[in-house]
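**Q**
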Amino acid sequence: MRFSQLFSPTIKEIPAEAETPSHRLMLRAGIIRKLASGIYTYLPLGVKVLEKISAIVREELNRIGSQEVLMPVLHPKELWQQTGRWEKVDVLFRLKDRAERDFLLGPTHEEVITSLVAHEVKSYRQLPLLLYQIQTKFRDEPRPRGGVIRSREFIMMDMYSFHKTKEDLEKTYWKVYEAYQRIYKRSGFTIRVVEGETGDIGGDVSHQFELISQSGEDTLLICPNCSYGADMWRVPCKNSKVKASAAENSLKWNNTPPMEKIETPHVKTIPDLVKSLKKSPQDFIKTLVYEADGKLVFVCLRGDRDVNELKLKRFLRVKKLEMAKPAALGGLASAMGFVGPVNLGVVAKRKSVSDSREEHLETPHLVADDEIREMKDAVCGANEPDYHFCHVDYGRDFSIKDENFADLRMAVSGDPCPQCGTALKFENGIELGQIFNLGTIYSKPLNCVYLDEDSSEIPMIMGCYGIGVSRMLASLIEQHHDSDGIIWPVSVAPYDAVIVLVNNQDEKQTEISEKIYQEALDSGLEVVLDDRDVRAGVKFKDADLLGFPFRINVGRGAGEGKVELRDRKTGKSHEINADKAVEELKKMKTEALQTLEPNTRDSEPRREIVSA
RNA sequence: CGGGGCGUAGCGUAGCUUGGUAGCGCGUCUGGUUUGGGACCAGAAGGUCGGAGGUUCAAAUCCUCUCGCCCCGACCA
């Protein structure tokens, strides 16, 4: 490709709309252009990189026996109603056809693939089955960001596996895990595998492949010492003394002064309490009121902690969880901000007599984070406006049934690693891929069953696996750039090299660069010849911005048949004879590719699947 | 959906407080001089100031509404 013909409009100034490094560089280097919020056109360079990424993805998936399909973007509503996701998923792009029939633009393809397999696969002999596609997905994101990192239309590889048994799924799961490691390694990524949350897609096990980056939107807790890492929502919190019984606690802590009711007018929040009582946040017991599937639940935890609503949801086994609105509190509404575990049942009953929601409050459902067991000399709400109790001991002044204790709080930086005990650290990550164990949550409603050897119908066990292809494009730049521009890893670079014809008025330079260009093309290299009629500085700047891994300068040494070969990453260059340039370039490319070869050392040790 | 910010030439922006002929840089086009890290000189084209309504003799500027975009949060298969 001649640079003079290349459609890659570069921008010298930093576009105002972009914040993250990759987004800015993609705009500046002419890789993408925005059409609307979260919707982008890929220009030729972007397409070339997407193709290279996709090729690696295909090779590695085919290697583990997966087969490529291509499913529709347009899905009928009925299919999604069968799994309940027409109503449940709120990022759906919905539309109607001319006959007013409802459709949606596929945000993911569990329904479509499961329905396909349900129709076409009947026997245990046909399993396991691994199918994938690389397809454009649509999600009406509430907030697209970072250019193509989180967009509303994006390219994704999604793969689905179908199995007879959980054990069989597990085998495939780890095969995919390894294929993913190879894909990221070959594409030039250094990634971190973490335990993932399963979100609305359901399922109980998942791993996320994360690029640690400031621009990431996943909050992870990473162990600096071992391989452990997890989505922050997923990290379990363990307390050393959780096992201690209530009785023991009360004996041990009987030196706390008797409980006392104190007046605390208008002091409702923990920060306010800290200020007015001159205590630290962990001296308080805060009690939050939730509505879980319509029923009130009181949740106690230490004043400095936050509820992990996913843990709470799972513990309560409810579908819908939200903070209770004052109206739902009935008689206790006036005590909002002054709720506490002491005498909660008595007070709730008394106050709710005239209220229709009485039945909910008669036996208030009180649950608590494990840490509450250790609370002594604490302060909590008195279930009465403007009053708190102080000198409150768990076990002496109130107690909660053992089965109502659980790990309910958000883990924070500094909490011990569940594997090795080292203090965990917060990191941001860009999720490049995720693998899920889906179980039968899609095969059951869509009746995707196989006939077993004894002719019994059994729902298939499913796995699903995604890789954000367009997100990888952005993330590559996020991980590989400097102040001058992009630095593509050779394996995914849009071109292997750029040949800079420094002065296109110079006959000798022109002759040599044309010769090298032809020779490079003939030998199968992908190169750009910068034949533009601009000053050398402009060509150099553009070369650095666009991130070609290698550059051949045909300039002042041309008279003696010398050219300069420069490595974008290291900035090092050396002079060589023009007739050796292509040979040398190939050598450098091969060497660079070798550093991206996956080897067994790079795969992390397999971990057991932990059922949630 | 909450909070904050921004819409002025292709891009980056000044002007808005205090209403009065819309300015600069980059880019583009023409001519010339230059030619190894985003050159210089001369000239030119390019604007319904996001849109609608209002106040006013007069609105980019003040007021109301609306649309779009960005950032933080909520959300996130």
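If you're matching positions, the first sequence starts at 67 in this note's numbering and goes up one per residue. We treat Cβ as the ideally placed atom computed from N, Cα and C, and that holds for glycine. Everything numeric in this text was worked out from a predicted model, so none of it was measured.
1) Distance, Cα to Cα, V155 vs N128?
2) CB Y239 to CB N503, shorter than 9 Å?
3) Can the beta-carbon of C303 be found closer than 9 Å to that of G295?
4) Quick one: which unbroken beta strand (DSSP E) runs of 3-plus residues sit fully inside the stretch 109-179? Chain order, please.
5) Taking all protein chains shown into account, decide if D562 is buried (16 or more other Cβ within 10 angstroms of its Cβ) or exposed.
6) Just how far apart, CA to CA, sit T256 and P664?
7) Is it buried or exposed, A647, if we count other Cβ atoms within 10 angstroms and call 16 or more buried?
8) So, at 8 Å on beta carbons, what are the nonlocal neighbours of P331 in its own chain, with the 5 sequence-adjacent residues on each side left out?
9) What do you get for P615, buried or exposed, if any count of 16 or more other CB atoms within 10 angstroms of its CB means buried?
10) List the endpoints of the continuous beta strand (DSSP E) containing Y561.
11) Counting beta carbon pairs with one atom in the stretch 521-537 and one in the stretch 484-503, are three or more of them shorter than 8 Å?
12) To the nearest angstrom, how far is it from the Cα of L490 to the Cα of S293?
13) Counting only the same chain and skipping the five closest in sequence on each side, list residues whose C-beta sits under 6 Å from that of R632.
14) Helix, strand or coil for T330, going by three-state DSSP, please let me know.
15) For D572 and L595, I'd like the C-alpha separation in whole angstroms.
16) Indicate whether R300 and E329 have their beta-carbon atoms separated by less than 9 Å.
17) Looking at the structure shown, is K603 part of a helix, part of a strand, or coil, going by DSSP?
18) Measuring CA to CA, which of S227, D234, S400, E166 is closest to S132?
19) Between the C-alpha atoms of T180 and K653, what's the straight-line distance to the nearest angstrom?
20) Going by C-alpha to C-alpha distance, which of S522, N374, N291 sits closest to D473?
21) Given this structure, state the Cα-to-Cα distance separating L542 from R371, to the nearest angstrom.
22) What runs of the alpha helix (DSSP H), each 4 residues or longer, lie entirely inside the stretch 586-666?
23) Which residues in the same chain as D468 place their Cβ atom closer than 7 Å to its Cβ, once the five residues preceding and following it in sequence are excluded?
24) By DSSP, does Q575 sit in helix, in strand, or in coil?
25) If I follow the unbroken beta strand (DSSP E) through A95, where does it start and stop?
26) With a 10 Å radius around its C-beta and 16 neighbouring C-beta atoms as the bar for buried, classify A102 as buried or exposed.
27) For the alpha helix (DSSP H) holding A245, just list the boundary residues, first then last.
**A** In terms of the structure at hand:
1) 31 Å
2) yes
3) no
4) 140-142, 159-162, 168-171
5) buried
6) 12 Å
7) buried
8) D452
9) buried
10) Looking at the DSSP string, Y561 is not in any beta strand (DSSP E), and its letter there is neither H nor E.
11) yes
12) 11 Å
13) R617, S639
14) coil
15) 15 Å
16) no
17) It is Gly, not Lys, that sits at residue 603 in the sequence shown. Three-state result, G603: helix.
18) S227
19) 47 Å
20) N374
21) 36 Å
22) 602-612, 647-660
23) none
24) helix
25) Where A95 is concerned, there is no enclosing beta strand (DSSP E), given that its DSSP letter is neither H nor E.
26) exposed
27) 232-253
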